[in-house]
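Just so you know, we're using our numbering here: the first sequence kicks off at 26 and counts up by one.
Idealized CB from N, CA, C, for every residue including glycine.
None of the values given here were measured: they were computed from a predicted structure.
Below: one structure, written as structure tokens.
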Amino acid sequence: MPELPEVNTFKRYFDESALHQKIARTTVFDDKIIRNMSGTAFEQLTQGRTFTGSYRRGKYLFARLDNGHDVLLHFGMTGDLNYYADEVDRSKYERFVFQFDNDFKLGFDCPRKFARILYLEDREAYIEEIKLGPDVLELSEEDFLVLTKKKKGSIKGFLLNQKYLAGMGNLYADEVCYQTKVHPASVVSAIPTKKRKAIYAKMQEVIRYAVDRNAYYKDYPEDWLWQWRDADAKAPDGSSVEIEKIGGRTTYSFPGWQKLYQ
DNA sequence: TGTGATGTTGAATG
DNA sequence: GCATTCAACATCAC
């Protein structure tokens with residue numbers, strides 16, 4: 026699920042449920058999901074604390090504690106949040122859970138365990154360490170044009186690289202390429218400036234649109250790519266879909282519709 | 001039953 | 001050192 030718009034929805038959910046509540050108890054069920062310490066250490070560091078705010082950058086959600094430290098929530102492929110009071114609402118895939126003073130719980134669910142949870146004393150140092158790029162919605166057109174000027178890899182691979190810009194994932198990257206009629210395998214630097222501007226604008230538009238709708242796909246326009254993302258898909262001009270690995274991910278494109286720059 | 005998945009990392013290569 | 005590629009990660013659903 027989680028690309029930038031989805032994680033933004035998680036942020037809203039987190040803010041509405043967990044903020045300003047004291048953590049009475051933290052329970053970790055899967056030690057490996059906490060990446061920089063043991064589950065026990067994580068429990069002890071978070072118990073008794075209160076969440077005071079949150080900050081999202083790309084797909085990374087940082088939950089600030091009242092001691093100035095952060096809990097980083099990265100949702101991987103299948104991460105999700107679940108705020109509940111009744112035990113019947115607990116997910117079988119809950120990997121750890123914060124229990125608050127009001128007896129409500131915020132569970133972190135993740136069937137496939139690709140999520141990454143870290144306890145961070147210094148958020149900025151961590152962002153620096155992993156070289157996380159600017160959030161898509163914070164990136165200026167000027168910076169985007171500079172970034173893309175000399176890159177020799179594919180535009181798809183570029184958009185997915187969180188070190189250049191944070192937040193694009195497999196589906197939205199395909200969507201932007203499709204809507205701008207650029208083949209995802211195009212060499213970044215070979216794409217004319219005018220077209221790179223169009224990619225920047227479409228990226229902002231698509232991500233903004235999705236964020237505004239809480240990443241609720243059913244509210245997206247019918248002519249967006251994802252809805253008919255399958256082997257029989259046809260572009261508006263009738264050309265057929267091509268499915269291949271680009272930038273390491275399964276990519277849907279229409280060679281007859283999207284121009285390949287190289 | 002085998003395959004692929006809305007993501008990231010770290011090793012390998014150029 | 002930088003850019004890029006790709007297997008590995010763990011598990012479930014179709």
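Between the alpha carbons of residue i and residue j, how many angstroms are there, rounded?
| i | j | result |
| --- | --- | --- |
| residue 191 | residue 86 | 12 Å |
| residue 309 | residue 235 | The structure shown does not extend to residue 309, since the chain spans only 26 to 287, so no value can be given for it. |
| residue 143 | residue 97 | 5 Å |
| residue 116 | residue 133 | 9 Å |
| residue 268 | residue 275 | 7 Å |
| residue 32 | residue 194 | 11 Å |
| residue 100 | residue 137 | 10 Å |
| residue 325 | residue 257 | Because the chain in this structure spans residues 26 to 287, residue 325 falls outside the shown range and cannot be described. |
| residue 114 | residue 240 | 23 Å |
| residue 197 | residue 61 | 30 Å |
| residue 243 | residue 249 | 11 Å |
| residue 140 | residue 200 | 24 Å |
| residue 172 | residue 264 | 32 Å |
| residue 111 | residue 103 | 23 Å |
| residue 153 | residue 215 | 30 Å |
| residue 30 | residue 284 | 27 Å |
| residue 106 | residue 170 | 36 Å |
| residue 156 | residue 150 | 10 Å |
Assuming contact is defined by CB atoms lying nearer than 8 Å, are residue i and residue j in contact in what I supplied?
| i | j | result |
| --- | --- | --- |
| residue 95 | residue 148 | yes |
| residue 222 | residue 282 | no |
| residue 121 | residue 53 | yes |
| residue 41 | residue 84 | no |
| residue 254 | residue 277 | yes |
| residue 50 | residue 124 | yes |
| residue 59 | residue 135 | no |
| residue 217 | residue 181 | no |
| residue 183 | residue 176 | yes |
I'd like the list of long-range same chain contacts for residue i, defined as Cβ closer than 7 Å, with 5 residues on each side in sequence excluded.
| i | result |
| --- | --- |
| residue 88 | 39, 76, 79, 95, 96 and 98 |
| residue 158 | 187, 188, 189, 190 and 191 |
| residue 118 | 134, 135 and 136 |
| residue 260 | 279, 281 and 282 |
| residue 34 | 239 and 240 |
| residue 93 | none |
So, under 8 Å CB-CB, residue i and residue j are touching, yes? Tell me the CB distance rounded to an integer number of Å.
| i | j | result |
| --- | --- | --- |
| residue 145 | residue 108 | At roughly 23 Å, the Cβ-Cβ gap does not stay under 8 Å, so residue 145 and residue 108 are not in contact. |
| residue 64 | residue 48 | That belief does not hold up - the Cβ atoms of residue 64 and residue 48 are roughly 15 Å apart, past 8 Å. |
| residue 232 | residue 162 | 6 Å |
| residue 229 | residue 127 | Actually they do not touch by this definition, with Cβ atoms about 39 Å apart. |
Please list, in chain order, all residues of the same chain as residue i whose beta carbon is under 6 Å from its beta carbon, the five residues on each side excluded.
| i | result |
| --- | --- |
| residue 36 | 79, 81 and 86 |
| residue 70 | 144 |
| residue 179 | 210, 271 and 272 |
| residue 203 | 250 |
| residue 166 | 225 |
| residue 262 | 282 |
| residue 280 | 267 |
Quick one: residues in its chain with C-beta nearer than 8 Å to the C-beta of residue i, no 5 flanking neighbours on either side, listed in chain order?
| i | result |
| --- | --- |
| residue 220 | 205, 207 and 286 |
| residue 43 | 76, 88, 108, 123, 125 and 131 |
| residue 185 | 193, 194, 195, 198, 272, 273 and 274 |
| residue 56 | 63 and 64 |
| residue 67 | 51, 53, 59, 121, 142 and 144 |
| residue 168 | 159 |
| residue 227 | 201, 204 and 205 |
- Which ranges does the beta strand (DSSP E) cover as unbroken runs of at least 3 residues, wholly within the segment 91-117, from first to last along the chain? 95-99 and 105-109
- Task: Jot down the residue ranges of each uninterrupted beta strand (DSSP E) in the segment 223-282, minimum 3 residues, whole runs only, in chain order.
- Result: 267-271 and 274-278
- Query: In chain order, which continuous runs of the beta strand (DSSP E) of length 3 or greater are located wholly inside the segment 133-181?
  - Reply: 141-145
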